[in-house]
Each structure stands twice: as C-alpha cells, then as structure tokens.
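First comes the structure, then the notes that go with it.
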Amino acid sequence: MTGATLAPPSHANGVDKSHTIDDECGYNANVYAGKNDQMVQVGEYLKKSGFLPEELVDNEVQWFYGNLGIDDFYFALEPVETIANHILSLYGAKILAYSKNDSALDVNLEKESEESSVYIHSSRPGVSQVAGPQYEKRIDERFLDASQSGNAYRVESFRSNPTTASAMTPQLRCYFVTKCQFVNPQPTPEEETDINQVADQNFLKKATDYTKKIYEDVMRNVLVRTGPVIEMYEVKGTRERRLVIGYRQRSTQGFFAAMSDLYHYYNLYSTRKYVEQFANGVTIMGLYLNPLPNAKGVPIEHSIYQVMKETSLLYCLPSTPLQQYFKTNKLSVQETTYGYVGWIFAQHFLNRLGKEYLSLTNILDKANPIHEEVLTKMKKRLRQDTFTREYILDIIKQYPDLIKLLYANFASVHYVNQREASIQPTISYQRLRTVEILSDEELTKKIQSVTSNAHEQLVFESFLIFNRHVLKTNFYQSTKVALSFRLDPSFLPEIEYPTKLHGMFLVVGSEFRGFHLRFRDVARGGIRIIRSRNREAYSINLRTLFDENYALAATQQRKNKDIPEGGSKGTILLDNDQQDKALVAFEKYVDSILDLLITGTTMGIKEPLVDLVKKPEILFFGPDEGTADFMDWASQHARKRNASFWKAFTTGKTQALGGIPHDLYGMTTRSVHQYVLGIYRVFGLKEEECTKLQTGGPDGDLGSNEIKISKDKTVAIVDGAGVLYDPHGIDRTELTRLATERRMISSFDLAKLSSDGFRVLVDENNVTLPNGELVENGLQFRNTFHTHPLASATVFVPCGGRPESVDLYNVQKLVNEDGTPLFKYIVEGANLFFTQEARLRLERQGIVIFKDASANKGGVTSSSLEVLAALAFNDTEFEEHMCVRDGKVPQFYEDYVKEVQQIIERNAAVEFDALWREHKKSNVPISVLSDELSTAIVQLNEQLQHTGLWENVQLRHAVLQKAFPKLLLDKLGLDTLLQRVPENYVKAIFGAYLASQFVYKYGAHPDHFAFFEFMRANYYASTA
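Written out as structure tokens, the structure reads:
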C-alpha cells in the first residue's frame, strides 16, 4: 500500500491494498562462482603467514566459509588477504573468550575504503545496537547522509543463518557498502523516471524484474511528492513482510539506523535490507521483516501497520535527546517525538517569570523607557537563567511515565482512529490500548502528585497547556516532512504579549524549528531564515526566537496599515550543525504548514485530521532574510499540491510566475528613501552635500537599491563582509558597480579609496587604521561600528543588521562626550534595528528618527498589490498580463509596476508629512506618533468593516473606485473585481483605504466631527 492510505487490513474506512508476492520476488541471490578456489587460496595464505597453527587452518577456514552463513557477496567483494585477516581476528576472539570463560563469541569485523566497506558483527534478532559497534549509525553518517565527497553509496545487509547453532557459531549481521556506478549519472527530466537510466549498475544486475517495477513506481511517486512514500508487500506462504520506503536524498539523516530501532520496538527483525540510490536524487530502502519467534499477543499485521504509520515520524525526526527511551522500550516513537516537541514548547513558553516580576511591572512606570527596557532585559535574564534547555530536559527525562500519560491525552484528541476504537480497537495505536487516558483535571492532579518540586510541576503543566491549545496537527499524517501544529495563542500572557495574536503555527524539523504568527485572519509577512555563527549565537537565537518573531509580526502589523492584510511573520531557526540546510528547512517548513491549510484530496493523498479551527485558513508568505530565492518553489509547490490559493500564496516571485521582485524594482527602498528625501526637504538640505552611514551592503535588496537611488556622500558601509570607510565619501561609481552586481564590500576596489579610507573584513585581526587605531578583531569591529566615533554622518540609514543592534545599554555611544550626536537624522530601514527605548533616548538628544514601521513599508505594499492582481485575474488572464516569458514583459505588467511604485512613494510621503506635522504640533516623539498613527489606522480599519458604511453600496463603490489600482479598474472594471476578489479581502481594502487616508489627514486623535467632515468632503457629495 502507498503512504497515502496507510490502513491496516480490513480497515473500517479504507481499502486493503496490501500486495501479495512470491518469496523469490526480490533480489537474485548472491552466488560467487569462485568461492571454493578462493577458500583454498585463503588457507594457503594463512599457512604461509604462520600466525595460526598449521593443523588448525583448514578447520578455521572451513568453519568461516561453511558454518557462519555469511552471504556470498562478502566473498565476491573481499580479497584473499582481508578474508584471512578476518579469520585470524575471529580465532583471536575465540582464544579471548575461552580465557575469560565466556561461552559467547563476540564478532566485530570491518574494513572501510572509499570504494566499498564491509562490517560484520554478532547480532541477536530484534536487538538494537544500543551499545557495541553501532555500524548502522556509522553507515548513516559516512555514506547515506550528506556525503562530503558527493559520492552515492548503496547498502546490502544480510542476517546469517548458521549451519550449526552454538555459542561459538553466532548469528551475524553483515553490511556491504559500495559506491554507486550509475548507468546515467546526469539524467534529463525525461530520463529521470526510467529506472534503467538512473539506477546503479549492480542493482540492475541483482534485482528481479518485479523489484525493478516496484522501485520504479515508488521512485516516480517520490519525484512528485515531498514526504516519504511507503509500500508494504506480504510474502505468500510466510509471515514475512517487505517494506519499501522511498524519499529524497539528504532530506533526512540517521534514518537507516532509526528504522531498525523502530521495527525492533514492535518485535520484528530483518533478514535482509537494502538501500538503493538513484541518479535522480531518490533513495529507496527495502526491509524484509519477520516477527520474532517469541513475540506474542500482537499479530504481525498490526505491528507492520504501526511501523508504517511511524516511519514518517522517524523521517521527520530520526534522532532526539529522548531516543534512548525508545531504544530501551520505555517509550514508543510517537511518545518520544511528542516528548521532544513538548520540550521545545516548554523552552519557549514555560511561564518562568513568576509573581515577583508581575509585581515589579506594576510598581515601575512602564511609560518610562528606562524602566521598560530594564524590565525587558530582566525578562530575558529570568528566562535564560531559571529554566535552561538542559534543565528542562533533565526534568522530562526523570518522568517517562508522565510523558506516556500526556501523550495519550494529546492522541485522544488528534489521532483520528482512536475515535473508532470502540468499533475496531485493534487499529488504534498499540500504546493507547495499554495507557489510561486521563482528563485535563486528572492529569493536573497526577502531575502534582508525581513531581517533587514546583519547577518540575511547571514543566509538565506546560505540556498540558500545549495539549489544550493544539487546534490541528499533521502529527499523524504519513507523508509529512516536518511536524506542524496550529495553536490557539490565547495561552500567551498579556503582560508579555499585549497585542493578541490571531493565529500561531509551530513547526519542528530535523534541521530547524520555526514559528508563523499573524495578527489578523488575512495577514501578510515574510519568512526569515535565522542563521547562527557559532554555538553561543545559536543559544541566543534560540532563546529569543519567539519574541523576535512576535516583534517582527507586530512591526509588520503597524507597517501594513495602508494595505488590506494584517501583519504576520515566519521564522526558521537552523540548528547549530545545520547552517547549510536553509533550502531544505524552508521546503519542509512550507510543506508541513500546507498540510494544515489544504483539506480533502491533495496530490492523491487523503488522510483525515482533527480540525478544531473549523474554518478554512490561508497564509500569505513573502520573502525576507535568506528566503528571497525560495518564493518560486513555494508557489509552485502549493500549485502541485492543488492549493486553490497558489497564485497568491507567495509574493516576491520571479517575473515568469507573475511576481514583482522587490530588489529588481527597489520597492522597499522607494519607501525608505522617501523619508530620507523628506528630511532633506523639511530641513532645506542638499542631498549631494550630506554624508551617510549605511548598514546592509551592496549585496542586499534594500542596501543595493539605496546605493543606486541616492546621491549623497556615503562615508561608511557595514555589511556581512566587514566595514568600508572613507571620510571623503566612498567612490560612488565603484559602489554602484557592487550594488548592480549584488556583491559585498569584500569585492570593492581598494584603489578607489582615499588615503584616509580603509576596509576591515570580519576575518581580519590586528589591523591598523589610517588614524593609528588598532582593530584587534574584525568581527567585533563590524558588529559595533555603528557606535564608533568614525561612523559620524549627517544621516544614518540601517538597511540591514540584527534586531536590537542599538538598545538602552549602548545608545549613549551614539552621542559624543560633548553632547553632539554621531547622526542628526536616522531613517530605520532595517526592521527592529533600534529598541523603542533607544529611539526615544535619541529623540531627547535632538536626533530626528523615523522608525521601521513607517519607513520600511514599500515591500509589503508591493506584495499586497501583487496578490491583488493574482486574485483579480483568472489563470489565463494572469498568464497573459502578469507573467514575463522569454524576456517579453507584458505592457500591463510594465505599467502596473510603475503604478505600484507610485503608490508606495505616495503612501510614504503622505505618512512622512503626517508624522512631521503632528510632531511639530504636539512635540510628541516621532517614534511614539508612528505607533499611534499605525494603531489608529488598524483600529479604525476594523471598525469601518463592521459599520453601516459598508452596506451603503454607492459609498462602497465610491471608496473602492479610489482604493483599487487604476490599471486593474481599467482592465477589469469594478464589478468584475468585486466578483473575483473574496469579500473579506475587499472589505479589508475598503477599511484600510478609508482609515489610512483619514488618519494621515487628521492625526491619531481627531476631534469628534473630523470623520464626518472627511467623508462629506470626499465621498458624500459624489454619492448624493
């Protein structure tokens, strides 16, 4: 049966698709014709060596060749010398066992090379390699996971069948690893589905025609699917079952060894197993499984069914810190996986601040920026020091029985077949049939009675909070590639997260963990990859992951005030040792979230899940740090999975897919630069005479376009490569070249620097600057240069950098000892570069600063209008008007891009004028006014969508005639737009347009009659 319908035989809601095959339908037996001649040569070699008494040689050679049951593949693969040495090793092991009065012979033979490797060890059926050689783990790491050499390897493994049973004739497990020799190493798209083109030559010789057919079918399914493909075959007349598992190469790690642990847990053992690699990027594992002779109580059909259901869990997370409990039979796969996810949830959401923190927040004046940031720092320290990841894990490991009970509570809600247990109890998970399912109240009492202190109680209560707030999950889907959970965010404490989230996803994969947060049902935001330079940076990123995501989404919510979508954001934190797996992590993140967004039949897969959300949800993804090049894949993958919303699923796609690339058209920069130009305008400055510091270099979207669009004297650029500085202004021609080629400052032509200029790269140390200053560490210099006295400039435009690069603890470095600031003006292009408290401190010093939520909104406006076009056009029209093919840009596309740019610049200029006007009138800090304007627009938007104004058809049409882009109105007409664009989306357009236009004109705190005057002047006259 395929991974799409993993039902046991006679399933109440499914069809039994098990295949029955003959015993010979597998691989041709390995037969080595030269075995007898080789045996004679081995004997002669041993006699000449003199290490083994000559009278014992023939017996030892005969015993090795005839009694141990070693597969002929070994003898065909190994030379005489290696076999002789192995016989000597075994003879030595016999002598050692005899001297220790040990009746059991322990066999461990190995030989490794780049071309082929052999491992042989004594092995009892059904026992995992908890200790001992752990060859399977080594095979995973060296040959099956991402190979450094780029070579592919196939594996054959056999369990011996000794001809005599004794302690000195043990059962052996043999592994043969050989480098693949593909028929066609680089197949074309047409050839990659033909197994005779993409297979290893030895596989084609050994596999039967029936096996080739099976593998070809599995291979083709893998090529159109993201997750694993699983099929099972019954062998006629035997209790053997053959399991065939296909997946994409390097999409999981440690899987071969993990699968052994899995079937051992269910009292199965393998007689043979194979791992085949194919030149098209597919891996197929074949397992020949049998029940242990002493296994009682559970039919093999149910054990196999459990293995098949849980294979995808192991594929997602082959190894966790709780793996030992699985190997020792204390916890099942699903329980260890659940425990691991619960551990992650506890790390991020365990309430560890305590009542004292709440009391302190009530005592301190939260309106005071110093108090606010002190509280924020204290919160981070309390979280870090009170419950570390290690401390939480140690607590979890002490109580595996609590994990069982908590898992059963979780499964009782989300495991679909558990609800059918009264009808057909054998199909529920085996563990659920033996563990009592407790209610939330009973579990709370159990936790309190079992744990020994308040900290342990808090940890397990966080598991219960997790259970209560999971609304749907792909935990029980058989084709998943990562685990995803749609959570009800109501458990978040209001004191820490004052603005309530609408939706929340947690995603856990073998290379990453991530979140997706949104503040409204219809919301938009980018997906960000977070990398870590070292283990310390990873630890910091891990602790701050959720808070950073929440802050980014909140900024997006304020930034999105001009558009119908609310704010959202996604984050993907790569594990410390998986920093090169950004694309793999992104693909798994997207696919696992799609598991929860798409209902019904998808790519031929139909597996029910418990949906407590009870209404359709659509997420809109966009590019952010590290994901700009992945948007095409996400859009096409959603299309491949038959998602109805695929055209609008991602923005920032390539032009061929109807995308409007932000970097190509400088969409984000057009908004940011309007604030720079606004400053020059109100202060009567000439751009050519102003100096500027910029973080975020010529290789980035925002940084490169800021360079290309500006005419100032840029004195310093800080990017991922280091610091570039010239007090006389960095050569504009050379900067423009780097920006056009999207290259870092490491590629800057140093001949273009003046004698006072310099470049310091992050990997350089002990560099002497032209002024005599010694830079001991280039990385530290780069990270702190924006606070260095040399960084002084008229304007500072952060176009990149980590959140909170300037906070209350280093903001004083932006002001010289004589009270003069390093910068007169700041336009915050990069999100969250400054903390709010730092911004307010700078404003009190007389610095004019415009925050990210106001300045950096061009990209989201472009994305919103890109989505609107996708919703407005049908597939044929979208292809004609929005897709660039073979370099031919449709006239509508070209004109639409220009209109988008104009809208961005107009919105930025209008908000700048509103902020400056309100600041001059009230003297309220601009950073506060920015939030007030955003909040006022968002709140008024919500109110307008639920008032009688929407019901006034004439008024509605009058507003929408101004709110919709003119080109779409001219091309399709308002009536067609209203038919095609979902009503809730149109309502959001209506509310966002009215609210933003009103607040920009009258401010965040207008008088009572202002809105009436606004509507009468702009709309009522036209609808009279």
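Position 304 of the sequence shown, counting from 1, maps to 510 under our numbering, and the rest follow consecutively.
Glycine residues also receive a C-beta, built at the ideal position from the N, C-alpha and C atoms.
It should be emphasised that the depicted structure is a prediction, and the values quoted were computed from it without experimental measurement.
On the DSSP bridge list, what partners appear for residue i?
| i | result |
| --- | --- |
| residue 1027 | 1021 |
| residue 489 | 453 and 483 |
| residue 380 | 326 and 364 |
| residue 966 | 929 |
| residue 922 | 899 and 931 |
| residue 709 | 724 |
| residue 232 | None; residue 232 has no bridge partner. |
| residue 494 | 448 and 478 |
| residue 419 | Per DSSP, none; premise fails for residue 419. |
| residue 413 | 233 |
| residue 777 | 721 and 734 |
| residue 317 | 324 |
| residue 679 | 691 |
| residue 1033 | 1056 |
| residue 856 | 827 |
| residue 1091 | 1094 |
| residue 974 | 980 |
| residue 385 | 359 |
| residue 772 | 729 |
| residue 1187 | None; residue 1187 has no bridge partner. |
Check for me: the alpha helix (DSSP H) holding residue i runs from which residue to which?
| i | result |
| --- | --- |
| residue 878 | 873-888 |
| residue 834 | That residue, residue 834, is in no alpha helix (DSSP H); it is neither H nor E in DSSP. |
| residue 1070 | 1064-1078 |
| residue 1004 | Taken as a continuous stretch (DSSP letters only), residue 1004 belongs to no alpha helix (DSSP H), being part of the beta strand (DSSP E) at 999-1004. |
| residue 602 | 595-604 |
| residue 246 | 241-255 |
| residue 473 | Premise fails: residue 473 is in no alpha helix (DSSP H) and is neither H nor E. |
| residue 278 | 278-283 |
| residue 1169 | 1159-1169 |
| residue 791 | 788-803 |
On the criterion of 16 or more Cβ atoms from any shown chain inside 10 Å, does residue i qualify as buried, or is it exposed?
| i | result |
| --- | --- |
| residue 615 | buried |
| residue 1223 | exposed |
| residue 957 | exposed |
| residue 239 | exposed |
| residue 1063 | buried |
| residue 877 | buried |
| residue 696 | exposed |
| residue 986 | exposed |
| residue 729 | buried |
| residue 692 | buried |
| residue 665 | buried |
Could you spell out the range, first to last residue, of the beta strand (DSSP E) harbouring residue i?
| i | result |
| --- | --- |
| residue 734 | 729-736 |
| residue 438 | 435-441 |
| residue 692 | 689-693 |
| residue 1217 | Where residue 1217 is concerned, there is no enclosing beta strand (DSSP E), although the alpha helix (DSSP H) it sits in stretches over 1216-1221. |
| residue 1055 | 1054-1056 |
Just confirm the distance between the C-beta atoms of residue i and residue j, as a whole number of angstroms; I'd bet it's less than 8 angstroms.
| i | j | result |
| --- | --- | --- |
| residue 993 | residue 1014 | About 13 angstroms separates the two Cβ atoms, so there is no contact after all. |
| residue 1140 | residue 1042 | With a Cβ gap of about 13 angstroms, residue 1140 and residue 1042 do not count as contacting. |
| residue 606 | residue 536 | 5 angstroms |
| residue 526 | residue 543 | 7 angstroms |
| residue 488 | residue 425 | 5 angstroms |
| residue 206 | residue 601 | Examination of residue 206 is not possible in this model, given that the chain is present from 207 through 1230 alone. |
| residue 387 | residue 407 | 5 angstroms |
| residue 436 | residue 684 | 7 angstroms |
| residue 800 | residue 735 | Rounded, the Cβ-Cβ distance is 18 angstroms, inconsistent with contact. |
Residue i: beta carbon under 7 angstroms from a heavy atom of the ligand ADP?
| i | result |
| --- | --- |
| residue 680 | Here there are no bound small molecules, and the ligand ADP is not part of this structure. |
Just checking, does the region 1077-1085 make contact with the region 1175-1191 on the three C-beta pairs under 8 angstroms criterion?
-> yes
Three or more C-beta pairs below 8 angstroms linking the region 302-312 and the region 416-430 = no
Below 8 angstroms, can you find three or more Cβ-Cβ pairs linking the region 740-754 to the region 1194-1213?
-> Short answer: they don't touch.
Taking 8 angstroms as the threshold, find out whether the region 998-1005 comes into contact with the region 875-889 through three or more Cβ pairs.
-> yes
Please determine if the region 452-459 and the region 483-500 are in contact, where contact requires at least 3 C-beta pairs separated by less than 8 angstroms.
-> yes
Is the number of C-beta pairs between the region 1022-1036 and the region 1051-1070 that are closer than 8 angstroms three or more?
-> yes
Contact between the region 1114-1124 and the region 1164-1174 (3+ Cβ pairs under 8 angstroms) = By the Cβ rule, the region 1114-1124 does not count as touching the region 1164-1174, because fewer than three pairs are nearer than 8 angstroms.
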